[in-house]
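Novice: Handing you a structure now.
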Amino acid sequence: MLEKIARPDEIRRWPGDMPVRHRYTPGVGGDAFFTALHERGVVLGSHCAACGTTYVPARRFCERDFSELSADTEVGPAGQLVSFTIVFAGIEGEPLDRPDVLGAVRLDGADAVLIHRVLEPGEEPLEIGERLEVVVRPEGERTGSILDIEGFRRTD
Amino acid sequence: MARRVAVVGAGMTRFVRRAQETGKELAWEASREALASCELSLDRVDAVCLTSAPDAFDGVHMKGEYLSDGAGAFGRPYMRTYVGGGSGVFTAIQAYYTVASGMADVVLAVAEEKMSSTQPHPQGAFLTIFDNVLERPLGPNLLWIFALEMNRYMTVHGLDKRDIASVAVKNKRNAADHPAALLGQADITVEDVLASETLAWPVQRLDVSPISDGAVALVVASEEAAKRISSDPVWIQGVGWNLDTAYWTNRDLVFPEYVANAARMAYEMAGVTEPRKQIHVAEPYDPFDYKELHHLEGLLLFDKGKAPEAARDGVLDRTGDLPSCPSGGLLGVGNPIAAAGLMKVAELFWQLRGEAGARQVPGTPERGVAQAWGDLMQVGTVVVMGREGGPPTTATQLETPPVATPATSLSDAEFRSATGAVEDAIGAEYEWDAGVAVGRFLDGLREGTIMGRECRNCGRVLVPPRMFCERCFRGTDAWVQVENTGVVQTFSICHVSWDMQPLDEPQLPAVIAIDGSDGGFLHMLGEVTPEDARVGMAVEAVWKPVAERTGSILDIAYFRPRGGTA
Numbered sequence: 003m004l005e006k007i008a009r010p011d012e013i014r015r016w017p018g019d020m021p022v023r024h025r026y027t028p029g030v031g032g033d034a035f036f037t038a039l040h041e042r043g044v045v046l047g048s049h050c051a052a053c054g055t056t057y058v059p060a061r062r063f064c065e066r067d068f069s070e071l072s073a074d075t076e077v078g079p080a081g082q083l084v085s086f087t088i089v090f091a092g093i094e095g096e097p098l099d100r101p102d103v104l105g106a107v108r109l110d111g112a113d114a115v116l117i118h119r120v121l122e123p124g125e126e127p128l129e130i131g132e133r134l135e136v137v138v139r140p141e142g143e144r145t146g147s148i149l150d151i152e153g154f155r156r157t158d
Numbered sequence: 304m305a306r307r308v309a310v311v312g313a314g315m316t317r318f319v320r321r322a323q324e325t326g327k328e329l330a331w332e333a334s335r336e337a338l339a340s341c342e343l344s345l346d347r348v349d350a351v352c353l354t355s356a357p358d359a360f361d362g363v364h365m366k367g368e369y370l371s372d373g374a375g376a377f378g379r380p381y382m383r384t385y386v387g388g389g390s391g392v393f394t395a396i397q398a399y400y401t402v403a404s405g406m407a408d409v410v411l412a413v414a415e416e417k418m419s420s421t422q423p424h425p426q427g428a429f430l431t432i433f434d435n436v437l438e439r440p441l442g443p444n445l446l447w448i449f450a451l452e453m454n455r456y457m458t459v460h461g462l463d464k465r466d467i468a469s470v471a472v473k474n475k476r477n478a479a480d481h482p483a484a485l486l487g488q489a490d491i492t493v494e495d496v497l498a499s500e501t502l503a504w505p506v507q508r509l510d511v512s513p514i515s516d517g518a519v520a521l522v523v524a525s526e527e528a529a530k531r532i533s534s535d536p537v538w539i540q541g542v543g544w545n546l547d548t549a550y551w552t553n554r555d556l557v558f559p560e561y562v563a564n565a566a567r568m569a570y571e572m573a574g575v576t577e578p579r580k581q582i583h584v585a586e587p588y589d590p591f592d593y594k595e596l597h598h599l600e601g602l603l604l605f606d607k608g609k610a611p612e613a614a615r616d617g618v619l620d621r622t623g624d625l626p627s628c629p630s631g632g633l634l635g636v637g638n639p640i641a642a643a644g645l646m647k648v649a650e651l652f653w654q655l656r657g658e659a660g661a662r663q664v665p666g667t668p669e670r671g672v673a674q675a676w677g678d679l680m681q682v683g684t685v686v687v688m689g690r691e692g693g694p695p696t697t698a699t700q701l702e703t704p705p706v707a708t709p710a711t712s713l714s715d716a717e718f719r720s721a722t723g724a725v726e727d728a729i730g731a732e733y734e735w736d737a738g739v740a741v742g743r744f745l746d747g748l749r750e751g752t753i754m755g756r757e758c759r760n761c762g763r764v765l766v767p768p769r770m771f772c773e774r775c776f777r778g779t780d781a782w783v784q785v786e787n788t789g790v791v792q793t794f795s796i797c798h799v800s801w802d803m804q805p806l807d808e809p810q811l812p813a814v815i816a817i818d819g820s821d822g823g824f825l826h827m828l829g830e831v832t833p834e835d836a837r838v839g840m841a842v843e844a845v846w847k848p849v850a851e852r853t854g855s856i857l858d859i860a861y862f863r864p865r866g867g868t869a
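First to last, the sequence lines map onto chains A and S.
In short: position in the first sequence from 1, add 2, done, that's our numbering.
In short: position in the second sequence from 1, add 303, done, that's our numbering.
See the structure below:
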C-alpha cells in the first residue's frame, strides 16, 4: 500500500504555516514582580502563610492549597546554586563562540529556584551548593523584563 | 453499574476581551470560586479534569500542563481533554465518568481559554483545520464553514434571516442580566443585527460571538460525597458524544446528525423519551445564531427546520415554553471557547437550583440539557442534568456567579504597554504532502479529470478520495473517474480575509457535489455574479490551461454555471 519514494526531493509538498504570533502579558502576579524589578531592582516572591512555601517569581495563588497570595516577600539577592549547565550549542545545533552557563539558584528566603545566566564564572569550576547573587542592571537600563536581571555572579 | 454523579458547585470568571490575568490565574479564580460555592477546600479534591481549546490560542505548548496549577492539579491525577469547541461540555462528561467509574469521589472540572494572546487574530490558528493540500490553496477563512452551513440550512428549509437574527437578539438581551457577560445588550433589535456588517454572507457581524478570555469550573461528586457536601446536588443524568465524518464537505450541512446521536445517547441514559416535554431548559451551543437553532433541532427538541419559528415566536425566550440559552450564551456572555461550553453546564446547575437571579427561568425546571460542538466542526457533546425530589432547598437570593466575579479587563492600550509583556512567534513552518489517495486525485486534476474511490461494500464513490472507507472501515476497491460537473450544495459571499481585513472583491466559496460521486469538495464559483449564485445550481469545472497545471486543487480555476455565464 505504501508508495515508494526514491527521490524525496521530488515529492510534491505544500508549504504552509500557522500565521500567528502571541503577546504574553505577565498577569496579576507577574505584574507585581516585573514592576518591582523595573522600578526598584528587587526580586519579589510570594509567601503562603497556610503552607509556608515562598514562591519566586511572585504569584497570585498557592498551587498547593489555593490560598490567595501577593508579592509580599523580597528574596535574595544572594542564594545557593542548586544546579547548573554549560551550553555549547545554539538552538539550531550550531557551536557557540562562548559557552552559556545557566544556573538554577534558590535565592535566600525562597523555596523555588530562579533560572538565569551565570556571569563570568572564571576558571574555577562551579560547584553545586556554592553562593551566587543576582546582578540587576542599572536603573536607566531596566525595561521591566526578566533581562533586567543580568544574571548571577559568584559572591566574594 | 455506574455510580450516580452530581454537580455540587460552580464558579466562573467574567468573560472579557483581554484579561489582565494569565490563563492559570483565570483558572484559579474560577476553581476557587467553584470550591467556595460548596464550602470545599482543595485538599478534598481527588482528581482534576481540565480542558482548553487549541494550544495556539494561548500560545503555550502543552497548555494542559501549563494550566495545571491554576486548576488545582498539584499532586493529583490530572488529564486535559480536548475536542475543540465541544471541549467545555466534554470536560463535564470527563468528570462524570471519572466519578461514575469509582476512580474519584470529588473532581474539579475546569475550562479555560485566553484568546487575546493570539495576534493578529485567533483565526490564524484555525487555518489548519482546513485540508492543507485540498483547501488551503483556495485561501479559506474560518467563516466560510459557518456561512456555507448557514446558507444551506436557510435555503433547504426556506428560512427567514430575521428569525435567525432573533436568536442573537434574545441571547444578547439575556446576557444583560448576567454579571459575567461581555456583550449583554438589553435594547438590541433584529434590525441592529440585520444592519451589521456582512462578513461572509449570510453571516453578519452580530450573528457571531466575540473573541474572549475566561474560565469556568465545576465541582462534581459521587452520590455519597454529594449528599455530604450539598443539600441540593444537581444530578448528571445522561451524557453523550458523537462524531461525524472528518470530511466536512461530505456532511449533511442541514441537520447535525452527530448531535442527534449524542443526544440520543444522553437521553437514553437519562430515561428521557420525549425530550420536548421532559427538558425544561436548554443551553445549546451558539457561537453563531443559526447554530443554536441547528443544535436545538439536533437535540431533538424541534422538528427539522422548525426551531427558527420558535425563536421568532418567543418559545425560546426565558419566559417561553422552552427557554434556550437563558445565560445569554456565547453570543451574549462571550466565547472563550472551552470555558463557554462549561459555562452552559454551570448555567444549568444554577437554573435547576433556582439560583440564577435575574436570569432565572420561571417555574421550577427539573431537567435541562447543555450541548457544545467542535473538533473539525463535527463533534456533538451533550449533558443532561436534573434535580430530583421537590423544589430547591437552597437560598434563591444568591447572585450567580457573584457580582464581584473576577477577571480584569485590559484596554488595548494597557494590553500593548503592560510591564513585562513579551511578544513572540512560534515560527513553525510545515510541508504537507498529499498522501496516497489525494496524490492520485491531484494527478487526475493535472490531466483534467476528477477521480473518486469506490467502496463496493457501501456502494459509495468517495470524493475527495480515500484509500479506506470510514463507514465500512475497509480498504476502498477501485479508482473511478467521475464527472467534471456538479451541483452547488451551498455557497457564501465572503467580504473579509481570515484576519478580518476587507477584501477588494468578494469571494464565492462553495461546496460542490460532484456528479457521479457521493461526495464533493470546497472550491470557488466564477463567471457568476454574487446575485445570480444559487444553491442547487448546476456547475462545471473550468480548468487552467494544461501548461499551467501543477497537480494542485488550483488546476481547477473555479466552477461556473453549466453552459457558460449565468
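Where a beta carbon is used, it is the ideal one built from N, C-alpha and C, also for glycine.
These figures come from a predicted structure and were not determined experimentally.
Which value, in whole angstroms, describes the spacing of the CA atoms of V814 (chain S) and T552 (chain S)?
Specialist: Here residue 814 (chain S) refers to the residue found at position 511 of the second sequence. Here residue 552 (chain S) refers to the residue found at position 249 of the second sequence. Each residue's alpha carbon lies about 6 Å from the other.
Novice: Would you mind listing the alpha helix (DSSP H) stretches within the stretch 609-666 of chain S that are 4+ residues and don't spill past its ends, in chain order?
Specialist: Complete alpha helix (DSSP H) runs here, min 4: 610-615, 632-635 and 640-655.
Novice: Within 10 angstroms of its Cβ, does T868 (chain S) collect 16 or more other Cβ (buried), or is it exposed?
Specialist: Residue mapping note: residue 868 (chain S) aligns to position 565 of the second sequence, counting from 1. Note that T868 (chain S) has pLDDT 49, beneath the 50 cutoff, so the model's placement of it is unreliable and the number below is only indicative. Under this definition T868 (chain S) is an exposed residue.
Novice: Please decide whether I151 (chain A) counts as near chain S, where near means a Cβ-Cβ distance under 7 Å.
Specialist: Here residue 151 (chain A) refers to the residue found at position 149 when the first sequence is read from its first residue. Chain S contact via Cβ: absent.
Novice: Give the straight-line distance between the Cα atoms of Y399 (chain S) and V308 (chain S), rounded to the nearest whole angstrom.
Specialist: The residue labelled residue 399 (chain S) in the question sits at position 96 within the second sequence. The residue labelled residue 308 (chain S) in the question sits at position 5 within the second sequence. For Y399 (chain S) and V308 (chain S), the distance between alpha carbons rounds to 6 Å.
Novice: If we ignore side chains and look at the alpha-carbon of each, how far apart do G326 (chain S) and L353 (chain S) end up?
Specialist: On the second sequence, position 23 is the one that residue 326 (chain S) refers to. On the second sequence, position 50 is the one that residue 353 (chain S) refers to. If I take the Cα positions, the gap works out to 12 Å.
Novice: For F90 (chain A), count neighbouring C-beta atoms within 10 Å of its own C-beta (all shown protein chains included) and say buried if the count is 16 or more, exposed if not.
Specialist: For the purposes of this step, residue 90 (chain A) is taken as the residue at position 88 of the first sequence. When all chains shown are included, F90 (chain A) counts as exposed.
Novice: Give the list of continuous beta strand (DSSP E) stretches no shorter than 3 residues that lie fully inside the stretch 441-515 of chain S.
Specialist: Here the runs fully enclosed are 501-504.
Novice: For C64 (chain A), list the residues DSSP reports as bridge partners.
Specialist: Residue mapping note: residue 64 (chain A) aligns to position 62 of the first sequence, counting from 1. C64 (chain A) is not bridged to any residue.
Novice: Please compile the residues from chain A whose C-beta is within a distance smaller than 9 Å of the C-beta of R439 (chain S).
Specialist: If you number the second sequence from 1, residue 439 (chain S) lands on position 136. Residues of chain A passing the Cβ test: W16 and G18.
Novice: With 7 Å set as the bound, which would you pick, yes or no: does the beta-carbon of E773 (chain S) sit closer than that to a beta-carbon of chain A?
Specialist: Residue numbering aside, residue 773 (chain S) sits at position 470 when the second sequence is read from its first letter. Not an interface residue.
Novice: Quick one: is Y381 (chain S) buried, meaning 16 or more other Cβ sit within 10 Å of its Cβ, or exposed?
Specialist: Within the second sequence, the letter at position 78 stands for residue 381 (chain S). The residue is buried, with at least 16 neighbouring Cβ atoms inside 10 Å.
Novice: Measuring alpha carbon to alpha carbon, tell me which of S:L645, S:L446, S:G312 and S:I539 ends up nearest E691 (chain S).
Specialist: Start at 1 with the first residue of the second sequence, and residue 691 (chain S) comes out as number 388. The candidate whose alpha carbon is nearest that of E691 (chain S) is S:I539.
Novice: With a threshold of 7 Å between beta carbons, is D113 (chain A) in contact with chain S?
Specialist: Against the first sequence, residue 113 (chain A) aligns to sequence position 111. Judged by the 7 Å Cβ criterion, D113 (chain A) is not in contact with chain S.
Novice: For the stretch 352-409 of chain S, which segments carrying the alpha helix (DSSP H) assignment without a break, of at least 4 residues, lie completely within its bounds, in sequence order?
Specialist: DSSP runs (the alpha helix (DSSP H)) wholly in the stretch 352-409 of chain S: 358-361, 366-370 and 390-403.
Novice: Quick one: grab the DSSP three-state call for A836 (chain S).
Specialist: Residue 836 (chain S) sits at position 533 when you count from the first residue of the second sequence. Reduced to three states, the DSSP call for A836 (chain S) is coil.
Novice: Nearest chain S C-beta to Y57 (chain A) closer than 7 Å, yes or no?
Specialist: Walking along the first sequence from the start, residue 57 (chain A) turns up at place 55. Not closer than 7 Å to any Cβ of chain S, the Cβ of Y57 (chain A) fails to qualify, so no.
Novice: Rounded to whole angstroms, how far is the Cβ of G18 (chain A) from the Cβ of R62 (chain A), which I believe are closer than 8 Å?
Specialist: Counting from one through the first sequence, the residue named residue 18 (chain A) turns up at place 16. Counting from one through the first sequence, the residue named residue 62 (chain A) turns up at place 60. Not confirmed; about 38 Å, so no contact.
Novice: Shortest alpha-carbon distance to M453 (chain S) belongs to which of S:I467, S:L441 and S:P440?
Specialist: The count along the second sequence starts at 1 and reaches residue 453 (chain S) at position 150. That would be S:I467, whose Cα lies nearest to the Cα of M453 (chain S).
Novice: Short of 8 Å Cβ to Cβ, which residues in the stretch 20-34 of chain A face chain S?
Specialist: Result list: M20, P21, V22, R23, H24, R25, Y26, T27, P28, G29, V30, G31, G32 and D33.
Novice: Does the distance from the C-beta atom of H40 (chain A) to that of D727 (chain S) stay below 7 Å?
Specialist: Start at 1 with the first residue of the first sequence, and residue 40 (chain A) comes out as number 38. Start at 1 with the first residue of the second sequence, and residue 727 (chain S) comes out as number 424. Against a cut-off of 7 Å, the Cβ pair of D727 (chain S) and H40 (chain A) comes out as no contact.
Novice: Whose C-beta lies closer than 7 Å to the C-beta of V739 (chain S) among residues of the same chain, with five residues either side of it excluded?
Specialist: Position 436 of the second sequence holds residue 739 (chain S). Contacts found: M770.
Novice: According to DSSP, F90 (chain A) sits in a beta bridge with which residue or residues?
Specialist: Translated into the one-based positions of the first sequence, residue 90 (chain A) becomes position 88. Paired residues: none, contrary to the question.
Novice: Tell me which residues share the same chain as G866 (chain S) and place their Cβ nearer than 6 Å to its Cβ, disregarding the 5 neighbours each side in the sequence.
Specialist: As a position in the second sequence, residue 866 (chain S) is number 563, starting the count at 1. No residues qualify anywhere along the chain.
Novice: Between F718 (chain S) and F36 (chain A), what straight-line distance do the alpha-carbon atoms span, to the nearest angstrom?
Specialist: Numbered from 1 along the second sequence, position 415 holds the residue referred to as residue 718 (chain S). Numbered from 1 along the first sequence, position 34 holds the residue referred to as residue 36 (chain A). One C-alpha to the other measures close to 15 Å.
Novice: Listed in chain order, which residues of the stretch 61-93 of chain A have Cβ atoms closer than 7 Å to some Cβ of chain S?
Specialist: Here the close residues are R62, F63, E65, R66, D67 and F68.
Novice: Measuring only between beta-carbons, confirm whether F154 (chain A) sits less than 7 Å from chain S.
Specialist: In the first sequence, the residue the question calls residue 154 (chain A) occupies position 152. Chain S contact via Cβ: absent.
Novice: At a CB distance below 7 Å, what residues from the stretch 129-149 of chain A approach chain S? Give them in sequence order.
Specialist: The stretch 129-149 of chain A vs chain S, Cβ under 7 Å: G146 and S147.
Novice: Would a check of beta-carbon distances place I13 (chain A) closer than 7 Å to chain S?
Specialist: Taking the first residue of the first sequence as 1, we reach residue 13 (chain A) at position 11. Chain S, which has a Cβ nearer than 7 Å to the Cβ of I13 (chain A), makes this yes.
Novice: Look up A869 (chain S) in the DSSP assignment and say whether it is helix, strand or coil.
Specialist: One-based indexing of the second sequence puts residue 869 (chain S) at position 566. Only weak support exists for where A869 (chain S) lies, its pLDDT of 46 falling under 50; the coordinates are left without a value.
Novice: Using CA coordinates, which residue listed in S:L441, S:T752, S:R756 and S:I582 is at the minimum distance from V687 (chain S)?
Specialist: The residue labelled residue 687 (chain S) in the question sits at position 384 within the second sequence. It is S:I582 whose Cα lies nearest to the Cα of V687 (chain S).
Novice: Mapping DSSP to helix, strand and coil, what is Q804 (chain S)?
Specialist: By one-based count along the second sequence, residue 804 (chain S) stands at place 501. Coil at Q804 (chain S), not helix or strand.
Novice: Could you give the DSSP three-state label for D592 (chain S): helix, strand or coil?
Specialist: Against the second sequence, residue 592 (chain S) aligns to sequence position 289. Helix.
Novice: Less than 7 Å between CB atoms is the rule here; does T37 (chain A) satisfy it with respect to chain S?
Specialist: Sequence index remark: in the first sequence, residue 37 (chain A) carries index 35 (1-based). Judged by the 7 Å Cβ criterion, T37 (chain A) is in contact with chain S.
Novice: The alpha helix (DSSP H) spanning V33 (chain A) covers which residue range?
Specialist: Taking the first sequence and counting its residues from 1, the one referred to as residue 33 (chain A) is at position 31. Sequence check: residue 33 (chain A) is Asp here, not Val. Counting along the chain, the alpha helix (DSSP H) containing D33 (chain A) begins and ends at G29 to R42.
Novice: Tell me which residues share the same chain as T458 (chain S) and place their Cβ nearer than 6 Å to its Cβ, disregarding the 5 neighbours each side in the sequence.
Specialist: Taking the first residue of the second sequence as position 1, residue 458 (chain S) is located at position 155. Closer than 6 Å at the Cβ level, and outside the excluded window around T458 (chain S), lie V838.
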